[in-house]
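In UniProt numbering, the protein residues as written are 1 to 378.
Note that beta-carbon positions come from the ideal geometry of N, C-alpha and C, so glycine has one too.
One structure is given here, and the rest of the page talks about it.
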Amino acid sequence: MKKPILAFFAINFGIIDRGAEVTVYNLVKNLQSKYDIVIYARKRRPTDKTISSLLDLSKNIKIKRVISISKNNRILNFIYEFNPWLKYKLDIFFLNPERLENLTFSIFASIDIFFNHYDLIFPQNGIWGAICARIIRKLKHIPFMMRTTGGIEPPVVRQKPDVYVCGTPVVYDWYRKNYPHVKFKLIPNGINTLKYSPQIKAIHIKLQQPIYLCVGALIPAKRIELAILAVSGLKQGSLVVLGVGPLLQKLKNMGKDLLGNKRFLLTDVPHNQTPKYYKCARVFTLPSYKEPFGNVYLEAMAIGLPIVAPNDRQRRFIIGKAGILCNVGDLKIYTKTLFKASQKNFKSKPRTQAMKFNWTIVAEKYRKTIDQLLNEYK
């Protein structure tokens, strides 16, 4: 029996190792036995060695690279920055340099799809991928589905995908209430529990024990300064922060002032090197105001670390009983909770919680959703 053919839009696949690309990689890896899969990515020499391993996995997987205008184009960026009013208008109409790169990529990928046979389109590149997929559906009667990156994206939902996948109950309930005409599915992000495993060898860091680990972009929304202040209130222990961003120097100075070199380290490491840093820690914490999903919590729990995080519905859904949730805005409570988590034996609870998000389980939910959608279009 001939397998259905799926087309993924993953503009930076094999070029950048981030959320959308990691999701596509793991979905394709777990779905390739059920479908023939084509991944559309922009035309650039791939830098990720995992691509070759994915292609070696099955003949059912193909990667097509299409041209696009680069977001780094000097002329585009000059025009974009030339006038504040024009910049504002380009942002409103999704025509800034990054969006233009996405638009041109989506157009050329869609042209190729139009002249070939596919059973489902699954864009992973936001609004322009959704618009182009909607046009193809109109012309060729091919369904398309979208996946939230974690936040609220009304312009994408307004393209009326046949299925829109939400990663958390918060996003799922909001969409169902505000867009009752669209079909939504609740499927969380996944975690590679082999890559993130308690068997990982820890890196040796010369800091005072126990080590509290925080991983996230160095931006205001992550509120990493709260973690620094909370750990500074402990008599014993150090804070390791992994990340980059505009607050780098400010947070580095703050950490050195409050904790000193023997109790603080802020550095950036490649994503594939993070497991050994998780392994050296006793507790993981990220006091962010909001998270699109919170993949770092899954990574930490898969290694076996308990979590200290804000007490909200999304964090309760992800972390469950694998940590202690609290009001991180109250530094006394936050500090006491970090200490309590470092002393408590959580046994296998963190790992067990992470296993609920194993990619094998998550991909099976996608398979059922895809099969149901394909049956509706027969």
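ask   = Can you round the beta-carbon distance between L120 and M145 to whole angstroms, since I take them to be within the 8 Å contact cut?
value = Numbered from its first residue, the sequence shown carries residue 120 at position 120. Numbered from its first residue, the sequence shown carries residue 145 at position 145. About 7 Å separates the two Cβ atoms, so the contact holds.
inquiry  = What does DSSP give as the partner residue(s) for G323 in the beta ladder?
reply    = Taking the first residue of the sequence shown as 1, we reach residue 323 at position 323. DSSP output for G323 lists I307 as bridge partner(s).
ask   = Helix, strand or coil: how does DSSP classify N60 here?
value = Counted from its first residue, the sequence shown places residue 60 at position 60. Secondary structure at N60: coil, using DSSP grouped into helix, strand and coil.
message = Rounding to the nearest angstrom, what Cα-Cα distance links L248 and L218 in this structure?
response = Within the sequence shown, residue 248 is the residue found at index 248, counting from 1. Within the sequence shown, residue 218 is the residue found at index 218, counting from 1. Roughly 6 Å between the two C-alpha positions.
ask   = Can you tell me the Cα-Cα spacing of N73 and L95, whole angstroms?
value = Taking the first residue of the sequence shown as 1, we reach residue 73 at position 73. Taking the first residue of the sequence shown as 1, we reach residue 95 at position 95. Per the coordinates, the alpha-carbon of N73 lies some 13 Å from the alpha-carbon of L95.
query = So what does M146 bridge to, in DSSP terms?
reply = As a first step, residue 146 is located in the sequence shown; it is residue number 146 there, counting from the start. According to DSSP, M146 bridges with Y164.
query = In whole angstroms, what separates the C-alpha of I107 from that of N116?
reply = In the sequence shown, the residue the question calls residue 107 occupies position 107. In the sequence shown, the residue the question calls residue 116 occupies position 116. Distance between the alpha carbons of I107 and N116: 15 Å.
Cβ-Cβ separation, K349 to A322 (assumed contact under 8 Å), whole Å = To locate residue 322, count along the sequence shown from 1; it is residue 322. To locate residue 349, count along the sequence shown from 1; it is residue 349. A322 to K349, Cβ: 5 Å. Contact.
task = List the endpoints of the continuous alpha helix (DSSP H) containing A341.
result = On the sequence shown, position 341 is the one that residue 341 refers to. Residues 331 to 343.
message = Which of the three DSSP states is assigned to Y212 in this structure?
response = To locate residue 212, count along the sequence shown from 1; it is residue 212. Here Y212 carries a strand assignment [DSSP, helix/strand/coil].
ask   = Quick one: Cα of V165 to Cα of L90, how far?
value = Here residue 165 refers to the residue found at position 165 of the sequence shown. Here residue 90 refers to the residue found at position 90 of the sequence shown. Distance between the alpha carbons of V165 and L90: 28 Å.
key: Cut-off 8 Å between Cβ atoms - residues of its own chain near A221, not counting five sequence neighbours on either side   = As a working note, residue 221 is residue 221 in the sequence shown. Here the set comprises S288, Y289, K290.
inquiry  = Counting C-beta neighbours from all protein chains within 10 Å, is the total for F93 16 or more, i.e. buried, or is it exposed?
reply    = If you number the sequence shown from 1, residue 93 lands on position 93. Classification for F93: exposed.
task = Look up F317 in the DSSP assignment and give the residues it is bridged to.
result = Here residue 317 refers to the residue found at position 317 when the sequence shown is read from its first residue. Partner(s): none; F317 has no beta bridge.
task = Measuring alpha carbon to alpha carbon, tell me which of N261, G190, A230 ends up nearest K365.
result = Taking the sequence shown and counting its residues from 1, one reaches residue 365 at position 365. Comparing Cα-Cα distances from K365 to each of N261, G190, A230, the minimum goes to G190.
inquiry  = Quick check on T360: buried or exposed, where buried means 16 or more other Cβ atoms within 10 Å of its Cβ?
reply    = What you label residue 360 is simply residue 360 of the sequence shown in a count that begins at 1. By the neighbour-count rule (16 or more Cβ atoms within 10 Å), T360 is not buried but exposed.
Bridge-paired residues (DSSP) for D36 = Sequence index remark: in the sequence shown, residue 36 carries index 36 (1-based). Bridge partners of D36: I5.
In DSSP terms, what V241 is bridged to = Counting from one through the sequence shown, the residue named residue 241 turns up at place 241. Per DSSP, C214, L266.
inquiry  = So, under 8 Å CB-CB, T23 and V163 are touching, yes? Tell me the CB distance rounded to an integer number of Å.
reply    = Counted from its first residue, the sequence shown places residue 23 at position 23. Counted from its first residue, the sequence shown places residue 163 at position 163. About 15 Å; that fails the 8 Å criterion.
ask   = Counting along the chain, where does the beta strand (DSSP E) carrying L120 start and finish?
value = Looking up residue 120 in the sequence shown gives position 120. 120 to 123 is the extent of the beta strand (DSSP E) around L120.
task = Could you give the DSSP three-state label for F293: helix, strand or coil?
result = On the sequence shown, position 293 is the one that residue 293 refers to. Coil, per DSSP.
request  = Give a yes or no on whether the C-beta atoms belonging to N192 and N26 are separated by under 8 Å.
outcome  = Taking the sequence shown and counting its residues from 1, one reaches residue 192 at position 192. Taking the sequence shown and counting its residues from 1, one reaches residue 26 at position 26. Yes; because the gap between Cβ atoms is below 8 Å, this pair is in contact.
message = Going by beta-carbon coordinates alone, are L226 and V328 separated by less than 8 Å?
response = Walking along the sequence shown from the start, residue 226 turns up at place 226. Walking along the sequence shown from the start, residue 328 turns up at place 328. Yes.
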